[in-house]
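Asks: For reference, the structure I am asking about is given below.
Have a look at this one:
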């Protein structure tokens, strides 16, 4: 954590001075009614939020220092409910959706609220936040926090925030997903960057999460980029999976100048030449990003590829030579399809590098299908091998050699990969879209509905997505329940 710059400290002081001398504050002190507190919030919380957003974008490593400064009691607890929500979402979670380490900043903000003279006004706005934070924390940590309060009313409130149903992992997952949606447009993630090897295991999970969020939001400024590259240049971290992951993220997503690109290119070459395990770790990075829903699209792959010395003979060179063709020609082009077939057949089907290739092709299909509207179903049919007029007649042999293979994209790749999980993923994706179509095209005598029915009934059976009975059931009219006679 970095100390808060004087510019930001002065902005806090200006807001504080304006608040103390305001008519809204005077009115609140006179009545201490909730209505007046809401007026005070309306007058000053937008200014605090604007400052918070400014620091989170310009100087993200100072964001916790800012939030600690905003705990000042003379600020009347304004904006603390939002800060509490941010602190809950920052913590890195394990596979059971529990914090990997205690969230002290969450505790500090919650205790500041509990000790605030305005607790009664604030508590109505933090129920879901505290419930979620407690659900993600350990029982011992929660007990210690509750016992830190001497006020019986506060202790009762905190005890009531421990919901037994959130002990169930599935319920916790649903609650967390619902809670996150409230903050989807906010920029608030923070992490400490490891400086020494002994800090790596402790700080890395939140650091990686922080970098992922920043690149997703395209909010990596020059100062943060400089600190990330300094981390990558630290030889203490070389050869670790953590370093390999941050190197991959930086190379894929950061906007770098010529000097920075030269540094990253040199790092790749040095690591590949000195560490026989690097290729394997880089492939692990690719698969991990797919699992974490980080879109390594053609631009990201091309960025990494431009930093890879293809004269070094290893899996990294082989993979990016193939990606240059797939992304350059287009994944549905005949040359790309043939290149994937040759490459895939040269490696063991379940090998890590072939798994990466399948993930790239699936990601292409997914990007297309999830963005198709209900009126664009012809494109969906083409991806699965046909158009409405030719659903049963298209064949691979009818393609012209140097033309795109779009009309047979999915069937050809299913044949190349011969992989059950890939087929299942394509089926699941396709069924989601078909059900979307059937909710939209409800006129069963209309042309759209009949085209969809004819296509699905033929092609989905051919691709083993459905059997005959399931296809019939999909389009069967649901009988309306008879209303009992009175």
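Numbering (my numbering), first residue to last: 699 to 1184. Note that the Cβ used here is the ideal one computed from N, Cα and C, for glycine as well. Every value quoted in this text rests on a predicted model; they were computed, and no experiment measured them.
When you compare only the Cα positions, how much space is there between residue 1068 and residue 883?
Replies: Computed Cα separation, rounded: 21 Å.
Asks: At 4 residues or longer, and completely inside the segment 749 to 788: list those alpha helix (DSSP H) runs for me, N to C.
Replies: Whole alpha helix (DSSP H) segments, 4+ residues: 761 to 767 and 778 to 788.
Asks: Quick check: the Cα distance between residue 1040 and residue 701, rounded to an integer number of angstroms?
Replies: Using only the alpha carbons, I get a separation of about 55 Å.
Asks: Beta-carbon separation of residue 779 and residue 823 under 7 Å?
Replies: Yes, these two residues count as a Cβ contact at 7 Å.
Asks: Using only the alpha-carbon positions, how far apart do residue 1086 and residue 1080 sit?
Replies: Low confidence applies here, because residue 1086 scores a pLDDT of 43, under 50, leaving its location unreliable; read the following figure in that light. Taking the straight line joining both Cα atoms gives about 9 Å.
Asks: Out of 939, 943 and 953, state which residue places its alpha-carbon closest to the alpha-carbon of residue 922.
Replies: Selected option, being the one with the closest Cα: 953.
Asks: Residue 799 and residue 887 look like a contact to me (Cβ under 8 Å); what is the Cβ gap, rounded to whole Å?
Replies: The Cβ separation is near 16 Å, so there is no contact.
Asks: For residue 1019 and residue 942, what's the separation of their Cα atoms in angstroms?
Replies: Residue 1019 and residue 942: Cα-Cα distance of roughly 20 Å.
Asks: For the candidate residues 791, 831 and 1142, whose alpha-carbon lies nearest to that of residue 900?
Replies: Residue 791 is the option with its Cα nearest to residue 900.
Asks: What's the C-alpha gap between residue 865 and residue 838?
Replies: Roughly 14 Å between the two C-alpha positions.
Asks: Which residues mark the beginning and the end of the alpha helix (DSSP H) in which residue 706 is found?
Replies: Unbroken alpha helix (DSSP H) run through residue 706: 704 to 718.
Asks: Does residue 1105 pass the burial test, meaning 16 or more other C-beta atoms within 10 Å, or should it be called exposed?
Replies: Only weak support exists for where residue 1105 lies, its pLDDT of 47 falling under 50; the coordinates are left without a value.
Asks: Is residue 713 closer than 7 Å to residue 745 when the C-beta atoms are compared?
Replies: Against a cut-off of 7 Å, the Cβ pair of residue 713 and residue 745 comes out as a contact.
Asks: What residues in its chain sit with their C-beta under 6 Å from that of residue 1007, if we drop five residues either side in the sequence?
Replies: Around residue 1007: 967.
Asks: Is the CB-CB distance between residue 832 and residue 840 below 7 Å?
Replies: It is a contact, given that the beta carbons lie within the stated cut-off.
Asks: Between the C-alpha atoms of residue 706 and residue 813, what's the straight-line distance to the nearest angstrom?
Replies: About 25 Å.
Asks: Can you list, in chain order, the residues of its chain with a C-beta nearer than 6 Å to that of residue 725? Leave out the 5 residues immediately preceding and following it.
Replies: These residues qualify, in order along the chain: 734.
Asks: Quick check on residue 854: buried or exposed, where buried means 16 or more other Cβ atoms within 10 Å of its Cβ?
Replies: Residue 854 should be labelled exposed.
Asks: Write down every uninterrupted run of the alpha helix (DSSP H) in the segment 982 to 1054 whose length is 4 residues or greater and which is fully enclosed by it, in chain order.
Replies: Listed in chain order, the complete alpha helix (DSSP H) runs (minimum 4 residues) inside the segment 982 to 1054 are 996 to 1003, 1013 to 1027 and 1032 to 1043.
Asks: If you draw a straight line from the alpha carbon of residue 1054 to that of residue 984, how long is it in whole angstroms?
Replies: Spanning the two alpha carbons is a distance of roughly 7 Å.
Asks: Measuring CB to CB, does residue 742 end up less than 7 Å from residue 776?
Replies: Yes, they are a contact pair.
Asks: Would residue 977 pass as a contact of residue 999 if the rule is Cβ separation under 7 Å?
Replies: No, they are not a contact pair.
Asks: Rounded to whole angstroms, how far is the Cβ of residue 905 from the Cβ of residue 892, which I believe are closer than 8 Å?
Replies: So it is a contact: roughly 7 Å between Cβ atoms.
Asks: Could you tell me the distance, in whole angstroms, from the CA atom of residue 651 to the CA atom of residue 1037?
Replies: One cannot answer for residue 651 here, as it falls past the ends of the chain, which runs 699 to 1184.
Asks: Sort 879, 876, 875 and 830 by Cα distance to residue 858 and report the nearest one.
Replies: Of the listed residues, the one whose Cα sits closest to residue 858 is 830.
Asks: Measure how close the beta-carbons of residue 1024 and residue 1110 come, nearest whole angstrom, since I'm counting them as under 8 Å.
Replies: Incorrect: roughly 13 Å between the Cβ atoms, too far for contact.
Asks: Would a C-beta distance cut-off of 7 Å place residue 747 and residue 737 closer than the cut-off?
Replies: No, the Cβ-Cβ distance between residue 747 and residue 737 is not below 7 Å.
Asks: For residue 726, which three-state DSSP category applies?
Replies: Residue 726: helix per DSSP, three-state reduction.
Asks: Nearest-angstrom Cα distance between residue 718 and residue 803?
Replies: Approximately 26 Å between the Cα atoms of the pair.
Asks: Spatial neighbours of residue 760 within its chain, please: CB distance less than 8 Å, with the 5 preceding and 5 following residues excluded, ordered by chain position.
Replies: Excluding sequence neighbours, residue 760 sits near 699, 700, 701, 702, 703, 706 and 753.
Asks: Do residue 794 and residue 867 come within 7 Å of each other at the CB atom, strictly closer than that value?
Replies: Cβ distance < 7 Å, so residue 867 and residue 794 count as in contact.
Asks: Name the residue from 783, 816 and 815 whose alpha carbon lies nearest to the alpha carbon of residue 801.
Replies: The option with the nearest alpha carbon to residue 801 is 783.
Asks: By the 10 Å Cβ neighbour count, where 16 or more other Cβ atoms means buried, how is residue 682 classified, buried or exposed?
Replies: There is simply no residue 682 to check, as the chain begins at 699 and stops at 1184 in what is shown.
Asks: Which residues in the same chain have their Cβ closer than 8 Å to the Cβ of residue 1015, if we skip the five residues on either side of it in sequence?
Replies: Excluding sequence neighbours, residue 1015 sits near 1006, 1007, 1008 and 1009.
Asks: Taking the alpha carbon of residue 1162 as the reference point, which residue from 1121, 715 and 1070 has its own alpha carbon closest?
Replies: Nearest option by C-alpha distance: 1121.
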